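The structure appears below as structure tokens.
Protein chains: 2
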Amino acid sequence: MDMPQRYALIIAPADAADPREDFADTFTPIDVTAPALSVGELSTQRGDGVFESIGVVDGHANEVEAHVQRLAHSAELCDLPAPNLAQWRQAVAVAAAHAPAGEAVVKLILSRGVEHGPTPTAWATAAAATDFSTVRRDGVRVVTLDRGYDLGAGERAPWLLLGAKTLSYAVNMATLREARRRGADDALYVTRDGYVLEAPTASLILHRGGEFVTPAPSGGILHGTTQLSVYEYLESRGLTTGYATLTIEDVMTADAAWLVSSIRLAVAITAVDGTPLASDPALTAELNRFLLSPR
Amino acid sequence: MDMPQRYALIIAPADAADPREDFADTFTPIDVTAPALSVGELSTQRGDGVFESIGVVDGHANEVEAHVQRLAHSAELCDLPAPNLAQWRQAVAVAAAHAPAGEAVVKLILSRGVEHGPTPTAWATAAAATDFSTVRRDGVRVVTLDRGYDLGAGERAPWLLLGAKTLSYAVNMATLREARRRGADDALYVTRDGYVLEAPTASLILHRGGEFVTPAPSGGILHGTTQLSVYEYLESRGLTTGYATLTIEDVMTADAAWLVSSIRLAVAITAVDGTPLASDPALTAELNRFLLSPR
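Those protein sequence lines, which keep their order, are chains A and B.
Read in order, the letters of the first sequence are residues 212 to 506 in the working numbering.
Read in order, the letters of the second sequence are residues 212 to 506 in the working numbering.
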């Protein structure tokens with residue numbers, strides 16, 4: 212989880228076609244502890260908006276392009292006005308410049324705006340990241356939890372917004388609480404028909420038989436920016452990566468398994484539903500060194 | 212949809228066991244157009260909280276007890292601190308007293324609060340309601356849309372929060388947009404295994420063979436406060452009501468079908484996926500006269 216915000220700026224959303232190179236006059240820094248949003252905000256009333264969490268290391272924001280592109284994709288799935296990507300890139304840069312040293316997180320939020328209002332509401336925050344060094348070293352125990360959907364639900368029913376990173380995260384948070392109640396650190400979502408999908412806030416990657424695989428990003432799964440980065444890294448080392456339909460059995464019998472995400476980065480799955488899993492501490496450390504480097 | 216808020220008060224949540232009779236000093240009226248919430252609010256960041264919308268007619272709030280009880284039930288499902296019901300009843304009364312004449316809506320919101328903060332954030336708003344007189348007279352055309360889940364998902368997987376009225380309503384809103392794209396006014400959610408559940412913001416009631424039926428409120432469906440009121444009314448008239456597992460075919464062949472909710476009240480379903488449905492304008496009008504009367 213993030214630490215309290217230290218810096219925030221309100222963004223007056225520009226039209227996607229606005230050709231300006233400098234959007235500085237659309238940013239308004241605010242006091243993060245002061246009231247900034249009205250109770251008419253649809254983000255608060257209905258979780259109606261989209262977001263991104265970007266890892267920042269010593270002021271450098273990582274994977275910015277993948278994050279702003281996914282923000283635009285999520286906005287499209289939610290019928291929100293297309294964000295101006297140049298404006299959002301600049302907002303990330305400004306927020307990252309105000310982030311504390313070490314590991315930090317820049318969060319982008321694009322809300323549908325105030326009810327009956329003319330435009331979306333948008334803002335970015337910067338805060339120190341939680342210290343995840345222990346879990347990066349020791350890994351996480353996960354429990355498998357039913358996502359309720361079958362594997363085809365996302366493609367069949369795009370109004371379920373399974374491919375969008377929306378502000379409606381109550382279920383993701385409830386799933387993490389259930390995992391902790393069961394004595395685990397995290398959860399692995401499983402479809403009704405027995406396939407593994409992702410964790411509530413992370414993607415799954417397996418190493419098996421010399422190949423790295425992750426569940427195919429269909430409409431039912433969020434395409435992980437960190438997973439894409441890890442794949443680029445592995446491929447640059449000449450390793451084979453791919454997408455597949457995976458079962459719990461595939462996870463249990465993998466040579467190693469990780470949950471990867473933008474802030475916690477790569478953590479080994481050390482147990483699934485109480486059964487220990489093989490892991491690869493050297494490769495985990497190597498992946499995290501890569502993920503902490505400027506990209 | 213609601214109109215812009217006209218009145219709002221922030222509620223400092225009291226402990227559920229607080230025995231006070233007067234909570235007036237825990238209410239702070241605010242300017243609804245002014246900033247009131249910080250960007251650290253988990254309602255905005257993750258749709259992490261619960262809510263209720265209460266119908267108000269000429270200053271009288273209807274079904275208050277059912278709504279505050281459901282708020283408490285939703286809070287429990289979301290592991291939020293139990294609300295003090297006396298405090299919330301009083302908040303409803305204060306907000307309703309400030310609601311405009313005619314039909315209005317009082318909305319209650321209980322958020323998990325500011326990230327890493329000590330307590331939930333809570334507020335109530337009052338606003339004029341949209342004029343639904345035309346749709347109450349003419350009814351709505353619905354399309355059936357896949358909810359992705361099977362009928363047992365809610366009971367099997369309580370972390371999906373299907374029985375809680377959470378602020379994570381992005382999917383409900385996307386479903387209504389999809390219905391409108393398809394030329395309909397509203398949607399009827401159908402399970403993966405072919406059963407009808409509810410509309411994104413309303414409950415379904417059918418009249419068939421002299422009996423009124425609604426889908427059984429399992430963990431997979433929100434128990435509608437208006438549906439309960441309608442059942443009480445029908446029973447007081449000596450009519451038979453019940454709960455059942457219902458299919459689309461049951462809707463298509465019903466003598467009449469309604470969507471019922473706290474603000475729009477009872478509206479006839481006049482078509483399902485383009486096929487006209489029988490309706491009962493006299494009973495619809497009677498139900499709405501009852502629902503508009505003080506209860």
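Yeah, the Cβ is synthetic: ideal placement off N, Cα and C, and Gly gets one too.
Remember, predicted model here, so these are calculated numbers, not experimental data.
In chain order, what residues of the same chain have a beta carbon less than 7 Å from the beta carbon of residue i, not counting five sequence neighbours either side?
i	result
residue 300 of chain A	275, 279
residue 239 of chain A	220, 221
residue 315 of chain A	267, 337, 338, 339, 340
Name, please, each residue of chain A whose Cβ falls closer than 9 Å to the Cβ of residue i.
i	result
residue 287 of chain B	Chain A residues near residue 287 of chain B: none, gap ~12 Å exceeds 9 Å.
residue 302 of chain B	Those within 9 Å of residue 302 of chain B in chain A number zero; the least Cβ separation is about 13 Å.
residue 322 of chain B	255
residue 223 of chain B	Chain A residues near residue 223 of chain B: none, gap ~15 Å exceeds 9 Å.
In chain order, what residues of the same chain lie with their CB nearer than 6 Å to the CB of residue i, ignoring the 5 residues before and after it?
i	result
residue 180 of chain A	What the structure shows of chain A is the stretch from 212 to 506, and residue 180 of chain A is not part of that stretch, so it cannot be assessed.
residue 247 of chain A	241
residue 428 of chain A	434
residue 295 of chain A	225, 227, 229
residue 254 of chain A	260, 322, 378
residue 302 of chain B	222, 335
residue 390 of chain B	354, 397, 398
Chain B partners of residue i, CB-CB under 7 Å?
i	result
residue 336 of chain A	250
residue 254 of chain A	255
residue 380 of chain A	257, 258, 259, 379
residue 243 of chain A	249, 250, 251
residue 385 of chain A	289, 370, 372
residue 219 of chain A	250
residue 310 of chain A	The contacting residues do not exist; residue 310 of chain A stays about 15 Å from chain B at best.
residue 496 of chain A	Chain B residues near residue 496 of chain A: none, gap ~29 Å exceeds 7 Å.
Quick one: what does DSSP say residue i is sitting in, helix, strand or coil?
i	result
residue 418 of chain B	strand
residue 249 of chain B	coil
residue 444 of chain B	helix
residue 336 of chain A	strand
residue 503 of chain B	helix
residue 222 of chain A	strand
residue 243 of chain A	coil
residue 212 of chain A	No answer about residue 212 of chain A holds up, because its pLDDT of 46 lies below 50 and its placement is not dependable.
residue 408 of chain A	coil
residue 488 of chain A	coil
residue 321 of chain B	strand
residue 266 of chain A	strand
residue 450 of chain A	coil
residue 369 of chain B	helix
residue 217 of chain A	coil
residue 429 of chain B	coil
residue 457 of chain B	coil
Pop quiz: residue i and residue j are said to be a contact at Cβ under 8 Å. What is the actual Cβ separation, rounded to whole angstroms?
i	j	result
residue 414 of chain B	residue 438 of chain B	4 Å
residue 423 of chain B	residue 451 of chain B	7 Å
residue 479 of chain B	residue 350 of chain B	4 Å
residue 502 of chain B	residue 343 of chain B	Incorrect: roughly 11 Å between the Cβ atoms, too far for contact.
What residues from chain A crowd round residue i, counting only those whose CB sits closer than 7 Å?
i	result
residue 361 of chain B	403
residue 389 of chain B	370
residue 367 of chain B	357
residue 290 of chain B	388
residue 246 of chain B	246, 247, 248, 249
residue 283 of chain B	Going along chain A, no residue has its Cβ under 7 Å from residue 283 of chain B, so there is no contact; the nearest lies around 17 Å.
residue 482 of chain B	Within 7 Å Cβ-Cβ: nothing; residue 482 of chain B doesn't reach chain A, min ~19 Å.
Could you name the residues of chain B that residue i contacts, counting a contact when the two beta carbons are closer than 8 Å?
i	result
residue 394 of chain A	Per Cβ cutoff of 8 Å: no residues; residue 394 of chain A is ~15 Å from chain B at best.
residue 240 of chain A	Under the 8 Å cutoff, chain B gives no residues; its nearest Cβ is about 12 Å from residue 240 of chain A.
residue 315 of chain A	None at all; the shortest Cβ gap to chain B is about 15 Å.
Spatial neighbours of residue i within its chain, please: C-beta separation below 8 Å, excluding the five flanking residues on both sides.
i	result
residue 505 of chain B	268, 271, 273
residue 277 of chain A	436, 439, 440
residue 212 of chain A	Here the model assigns residue 212 of chain A a pLDDT of 46, short of 50, so the residue's position is not dependable, and the following value carries that caveat. Excluding residues within five positions, the ones whose Cβ falls inside 8 Å are 341.
residue 463 of chain A	483, 486, 488
residue 465 of chain B	417, 418, 419, 488, 489
residue 325 of chain A	249, 251, 252, 253, 332
Residues of chain A with a CB under 8 Å from the CB of residue i: which are they?
i	result
residue 456 of chain B	Per Cβ cutoff of 8 Å: no residues; residue 456 of chain B is ~18 Å from chain A at best.
residue 333 of chain B	None at all; the shortest Cβ gap to chain A is about 11 Å.
residue 306 of chain B	Near residue 306 of chain B there are no residues of chain A at all, since even the closest Cβ is about 12 Å away, more than 8 Å.
Taking 8 Å as the line, does the beta carbon of residue i fall inside it for any heavy atom of the ligand ADP?
i	result
residue 335 of chain B	Looking for the ligand ADP in the displayed structure turns up nothing, as the structure carries no ligands at all.
Contact criterion: CB-CB distance below 9 Å. Does residue i meet it with respect to chain D?
i	result
residue 343 of chain B	Annotation note: the requested chain D is absent from the structure, which comprises protein chains A and B.
Touch test, the stretch 309 to 329 of chain B against the stretch 350 to 367 of chain B, Cβ-Cβ under 8 Å, three pairs minimum: Fewer than three beta-carbon pairs drawn from the stretch 309 to 329 of chain B and the stretch 350 to 367 of chain B are found closer than 8 Å, and the two stretches are therefore not classed as touching.
Segment contact flag, the stretch 479 to 495 of chain A with the stretch 358 to 370 of chain A, C-beta cutoff 8 Å, min 3 pairs: When C-beta atoms of the stretch 479 to 495 of chain A are compared with those of the stretch 358 to 370 of chain A, fewer than three pairs fall below 8 Å, so the two segments do not count as touching.
Contact the stretch 248 to 268 of chain B vs the stretch 324 to 335 of chain B: 3+ CB pairs below 8 Å: Result yes; three or more Cβ-Cβ pairs closer than 8 Å.
Stretch pair the stretch 280 to 291 of chain B + the stretch 337 to 354 of chain A: three plus CB contacts closer than 8 Å: Contact between the stretch 280 to 291 of chain B and the stretch 337 to 354 of chain A is absent, with fewer than three C-beta pairs closer than 8 Å.
Cβ contact check for the stretch 439 to 448 of chain B and the stretch 231 to 240 of chain B: 3 or more pairs under 8 Å: Flag = no, the stretch 439 to 448 of chain B and the stretch 231 to 240 of chain B do not touch.
Any 3 or more C-beta pairs closer than 8 Å across the stretch 396 to 412 of chain B and the stretch 308 to 319 of chain A: No, because fewer than three Cβ pairs between the stretch 396 to 412 of chain B and the stretch 308 to 319 of chain A fall closer than 8 Å, the two stretches do not touch.
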